Amino acid sequence: MQNSVLYKNTKISFSTLGKGSAIVFLHGFLENSTMWNSVTKELCKRNKVICIDLLGHGNTDCIGYVHSMEIMAEAVEAVLKHLRIRKSIFVGHSMGGYVALAFAEKNSHKVKGLCLMNSTSLPDDNERKKLRTRANKMAQTNFKSMVRMSFTNLFS
1 MQNSVLYKNT KISFSTLGKG SAIVFLHGFL ENSTMWNSVT KELCKRNKVI
51 CIDLLGHGNT DCIGYVHSME IMAEAVEAVL KHLRIRKSIF VGHSMGGYVA
101 LAFAEKNSHK VKGLCLMNST SLPDDNERKK LRTRANKMAQ TNFKSMVRMS
151 FTNLFS
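When you line the sequence shown up against the working numbering, it's residues 1 to 156, in that order.
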């Protein structure tokens, strides 16, 4: 079931399925929560599955040009507070993994488990930081080209 909650006057879109222990799914850059649909069908039989569209993705609005992992983690926290969920298992793909780590850093007592998919807990090296800075600049000046280039690089 698709729902939303307001965080800093911004609509955060999420879906919930099932009952039981909470599992929160966080997608990667240029993706949305529907990427988890095939996985959640089985997991919702015994768990409460929560799929969140992160800031600027899917049906969730933007707050600004740049959304830090910490701000996205705060938006996740707003969803969980709205749902009255105290403790969750987090599954984060790529950027979603960074968001899950930012959430865990601030709210370790609310984390029951953590799974990082195509993500890492290690800091980015200088080359990765340069690529991200370039992507941010391109998103501000030529968004369509940035998306086209990202899809070419992400999906061979």
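Virtual Cβ for every residue (Gly too), placed ideally from N, Cα, C.
The model shown is predicted, which means the values in this text are computed figures rather than measured ones.
- A Cβ-Cβ distance of about 6 Å is found for the pair LYS19 and LYS48, placing them in contact under the 8 Å criterion.
- ILE85 has its alpha-carbon roughly 14 Å from the corresponding atom of SER108.
- Excluding its 5 nearest sequence neighbours in each direction, THR60 has C-beta neighbours in its own chain below 7 Å: LYS11, ILE12, SER13, ASP53 and LEU54, listed in chain order.
- With respect to CYS44, SER33 sits apart: the two C-beta atoms are not nearer than 7 Å.
- In this model, CYS115 and PHE25 are separated by some 10 Å (Cα to Cα).
- Setting aside the 5 residues that flank it on each side, VAL99 is surrounded in the same chain by LEU26, LEU54, MET69, MET72, ALA73, VAL76 and GLY92, each with a C-beta closer than 7 Å to its C-beta; the list follows chain order.
- A straight line joining the alpha-carbon of ILE23 with that of VAL5 spans about 18 Å.
- Shown here for TYR7: same chain residues with a beta carbon closer than 6 Å to its own, the five before and five after excluded, namely ALA75 and ALA78 in chain order.
- A direct Cα-to-Cα measurement between LYS112 and SER38 gives close to 23 Å.
- In this structure, the alpha-carbon of MET146 lies about 9 Å from that of LYS137.
- Using a 10 angstroms sphere on the CB of THR133, the tally of other CB atoms stays under 16, which defines it as exposed.
- Per the C-alpha coordinates, the member of ASN9, LEU101 and GLY97 positioned closest to GLY64 is ASN9.
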